[in-house]
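Visitor:
2 protein chains.
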Amino acid sequence: MEKTYSIKEVADYFNLPISTIRYYDKKGLLPFVSKNEAGYRVFSESDFGFIKTICCLKDTGMPISDIRTYIELCMQGTPSITKRRSMLQQHKQNVIKQQEILTNNLKEIDVKINRYASKESKNIISAQIKFVKDEKRDLHLKDPFL
Amino acid sequence: MEKTYSIKEVADYFNLPISTIRYYDKKGLLPFVSKNEAGYRVFSESDFGFIKTICCLKDTGMPISDIRTYIELCMQGTPSITKRRSMLQQHKQNVIKQQEILTNNLKEIDVKINRYASKESKNIISAQIKFVKDEKRDLHLKDPFL
DNA sequence: CTAAACCCTAAACTATGGTTTAGTGCAACA
DNA sequence: TGTTGCACTAAACCATAGTTTAGGGTTTAG
């Protein structure tokens, strides 16, 4: 006989708080989970696969409501394959967009780190401060430094 | 004489709602912005540089409170260079971590898209559903499909 | 001079994604 | 059989990041 799992075992496996799993269930993300006579959630091996997918979508920024929609499509079986594919294709584009944003901004951050780490950092920063101070003075605006 | 800018001009430039700029100001992210006699915010060219930095940090997931800390360090001038550098180095690690998470999960998503897009998709999905159904039945758990 | 377009603040409100609490029931071990 | 640990729900609560509203001043174009 295959094993079943308690909410705590699932929580530990996925490194999620139990409360989060209950929250996901309440939000309709876990329609595949059964309950026993006592009302306890009973997880099977295959539930882990669904939850892994949920984590994957969550960790790439898909909103709970969309994850729910996706899982609902999964429970509808083969007729929803096309819809599922297009949802994931759309989501993939979002993830790629996020990657681009991170990559571009990381360049900016590196520029600053290098500036701060350079031997000339003090001079560079002083010059920038002077520039700002001069500009603000010319415009009769208050000096923001200090 | 250099130009000054209204909150609307800044909002349009950065593609941010005016309300967000006011919110950032209230949260202490814009200590470098002056106000005129009427109480209107007056932005100078150099303010755009600070705001660009704020957007860069925000877009890479730095919390508002940390951005505030970073900006405050900037206003302290050269003595805070080391602290600023270590803040950004720490943040850089966070961004790299985010990138890894996105990259790994994107692979998962691609696997699913390819599965859904394959000629065999219907058979693959049917087999998965059968597997789940069988497992649930063996465990006397309810069938989650339909 | 006035209307339209802007600007301001304070405070209330919203959305998202949870976490915590209170009250209660079930299970397992000694 | 009692205590300890885990489970449950409902509802309250929280943090974050804004947005909206109400009430009121300012600026500018005609």
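Chains as they are written, first to last, in our numbering: chain Y, 266 to 411; chain V, 266 to 411.
Even glycine gets a Cβ: it sits at the ideal position worked out from N, Cα and C.
1. For PHE410/Y, return the contacting residues in chain V, with the cut-off set at a CB-CB distance below 7 Å.
2. Report the three-state DSSP secondary structure of LYS268/V (helix, strand or coil).
3. My guess is that VAL376/V and ILE316/V are in contact by the Cβ rule of under 8 Å, so how many angstroms apart are they, rounded?
4. Hey, does THR285/Y have any beta-carbon neighbour from chain V nearer than 9 Å?
5. Have a look at ILE283/Y and MET352/V and give me their C-alpha separation to the nearest angstrom.
6. Any idea which residues DSSP pairs ARG306/V with across the strands?
7. Using a beta-carbon distance below 9 Å, is VAL307/V in contact with chain Y?
8. Taking 9 Å as the CB-CB limit, is ALA276/V close to chain Y?
9. Could you check the C-alpha separation between TYR305/Y and GLU373/Y for me, to the nearest Å?
10. From ASP408/Y to ASP290/V, what distance separates their C-alpha atoms?
11. Measure from the alpha carbon of LYS357/V to the alpha carbon of each residue in ILE390/V, LEU367/V, ALA382/V and LEU322/V, then state which is nearest.
12. From which residue to which residue does the alpha helix (DSSP H) around GLU385/Y run?
13. From ARG380/V to GLN355/Y, what does the alpha carbon distance come to, in whole angstroms?
14. Which residues in the same chain have their Cβ closer than 8 Å to the Cβ of SER386/V, if we skip the five residues on either side of it in sequence?
15. Which residues, taken in chain order from the segment 365-391 of chain V, show a beta carbon closer than 8 Å to some beta carbon of chain Y?
16. Are ILE366/V and THR325/Y close, meaning C-beta to C-beta below 9 Å?
17. Kindly indicate which residue of HIS405/V, ILE319/V and ASN370/V has the alpha-carbon position closest to the one of GLU302/Y.
18. By the three-class DSSP mapping on this structure, what secondary structure does THR325/Y have?
19. Which word fits LYS401/Y, buried or exposed, when buried means at least 16 other C-beta atoms lie within 10 angstroms of its C-beta?
20. Answer yes or no: do ILE329/Y and LEU294/Y have a C-beta to C-beta separation smaller than 9 Å?
21. Using 9 Å as the limit for Cβ to Cβ distance, is THR334/V near chain Y?
22. Can you look up LYS292/V in the DSSP assignment and give me helix, strand or coil?
23. So, are the CB atoms of SER299/V and SER311/V less than 9 Å apart?
24. Any C-beta of chain V sitting closer than 9 Å to the C-beta of PRO296/Y?
25. Give the residues of chain V in contact with ILE394/Y, contact being defined as C-beta atoms less than 7 Å apart.
26. Whose CA, out of ASN370/Y, SER345/Y and LEU411/Y, lies closest to the CA of ARG394/V?
27. Can the beta-carbon of CYS339/V be found less than 9 Å from the beta-carbon of ARG350/V?
28. Taking only the alpha-carbon atoms, compute the straight-line gap between LEU413/V and VAL360/Y and give it to the nearest angstrom.
29. Quick check on the burial criterion: 16 or more other C-beta atoms within 10 angstroms. Buried or exposed for PHE297/V?
30. For SER391/Y and SER383/Y, what's the separation of their Cα atoms in angstroms?
Guide: Short version:
1. Reading the first sequence from its first residue, position 145 is the one you call residue 410/Y. The answer, in chain order, is MET340 and GLY342.
2. As a working note, residue 268/V is residue 3 in the second sequence. In the structure shown, LYS268/V sits in coil (DSSP, three-state: anything other than H, G, I, E or B).
3. As a working note, residue 376/V is residue 111 in the second sequence. As a working note, residue 316/V is residue 51 in the second sequence. 40 Å between Cβ atoms; not a contact.
4. On the first sequence, position 20 is the one that residue 285/Y refers to. THR285/Y does not count as touching chain V.
5. Your numbering for residue 283/Y matches position 18 in the first sequence. Your numbering for residue 352/V matches position 87 in the second sequence. Rounded to the nearest angstrom, the two C-alpha atoms are 33 Å apart.
6. For the purposes of this step, residue 306/V is identified with residue 41 of the second sequence, where counting begins at 1. According to DSSP, ARG306/V bridges with LYS300/V.
7. The sequence position of residue 307/V within the second sequence is 42, counting from 1. Chain Y contact via Cβ: present.
8. Position 11 of the second sequence holds residue 276/V. Not one beta carbon of chain Y lies nearer than 9 Å to the beta carbon of ALA276/V.
9. Position 40 of the first sequence, counting from 1, holds the residue named residue 305/Y. Position 108 of the first sequence, counting from 1, holds the residue named residue 373/Y. Near 50 Å, if we compare the C-alpha coordinates of GLU373/Y and TYR305/Y.
10. Taking the first residue of the first sequence as 1, we reach residue 408/Y at position 143. Taking the first residue of the second sequence as 1, we reach residue 290/V at position 25. Roughly 17 Å between the two C-alpha positions.
11. If you number the second sequence from 1, residue 357/V lands on position 92. Cα-wise, what sits closest to LYS357/V is LEU322/V.
12. Within the first sequence, residue 385/Y is the residue found at index 120, counting from 1. No alpha helix (DSSP H) holds GLU385/Y; DSSP gives it neither H nor E.
13. In the second sequence, counting from the first residue as 1, residue 380/V sits at position 115. In the first sequence, counting from the first residue as 1, residue 355/Y sits at position 90. Cα to Cα, the separation comes out at about 16 Å.
14. Here residue 386/V is taken as the residue at index 121 of the second sequence, counted from 1. ARG380.
15. Going along the segment 365-391 of chain V in chain order, one finds ILE366, LEU367, THR368, ASN370, LEU371, GLU373, ILE374, ASP375, LYS377, ILE378, TYR381, ALA382, SER386, LYS387, ILE390 and SER391 with a Cβ nearer than 8 Å to chain Y.
16. Position 101 of the second sequence holds residue 366/V. Position 60 of the first sequence holds residue 325/Y. Yes, these two residues count as a Cβ contact at 9 Å.
17. Within the first sequence, numbered from 1, the residue matching residue 302/Y stands at position 37. Selected option, being the one with the closest Cα: HIS405/V.
18. Counting from one through the first sequence, the residue named residue 325/Y turns up at place 60. Coil.
19. Along the first sequence, read from residue 1 onward, the residue named residue 401/Y stands at position 136. By the 10 Å Cβ count, LYS401/Y comes out buried.
20. For the purposes of this step, residue 329/Y is identified with residue 64 of the first sequence, where counting begins at 1. For the purposes of this step, residue 294/Y is identified with residue 29 of the first sequence, where counting begins at 1. Cβ atoms of ILE329/Y and LEU294/Y: closer than 9 Å.
21. Position 69 of the second sequence, counting from 1, holds the residue named residue 334/V. With 9 Å as the cut-off, THR334/V does not count as an interface residue toward chain Y.
22. Here residue 292/V refers to the residue found at position 27 when the second sequence is read from its first residue. In the structure shown, LYS292/V sits in coil (DSSP, three-state: anything other than H, G, I, E or B).
23. For this step, residue 299/V is matched to residue 34 along the second sequence. For this step, residue 311/V is matched to residue 46 along the second sequence. No, they are not a contact pair.
24. For this step, residue 296/Y is matched to residue 31 along the first sequence. With 9 Å as the cut-off, PRO296/Y counts as an interface residue toward chain V.
25. Taking the first sequence and counting its residues from 1, the one referred to as residue 394/Y is at position 129. Those are GLY342, listed as they occur along chain V.
26. Indexing the second sequence from 1 puts residue 394/V at position 129. One point to set straight first is that residue 394/V is Ile, not Arg, in the sequence displayed. Of the listed residues, the one whose Cα sits closest to ILE394/V is SER345/Y.
27. Residue numbering aside, residue 339/V sits at position 74 when the second sequence is read from its first letter. Residue numbering aside, residue 350/V sits at position 85 when the second sequence is read from its first letter. Going by C-beta atoms, CYS339/V is not nearer than 9 Å to ARG350/V.
28. No answer is possible for residue 413/V: it lies beyond the span of chain V, which begins at 266 and ends at 411.
29. Residue mapping note: residue 297/V aligns to position 32 of the second sequence, counting from 1. Buried, because 16 or more other Cβ atoms sit within 10 Å of the Cβ of PHE297/V.
30. Translated into the one-based positions of the first sequence, residue 391/Y becomes position 126. Translated into the one-based positions of the first sequence, residue 383/Y becomes position 118. The alpha-carbon atoms of SER391/Y and SER383/Y are separated by roughly 13 Å.
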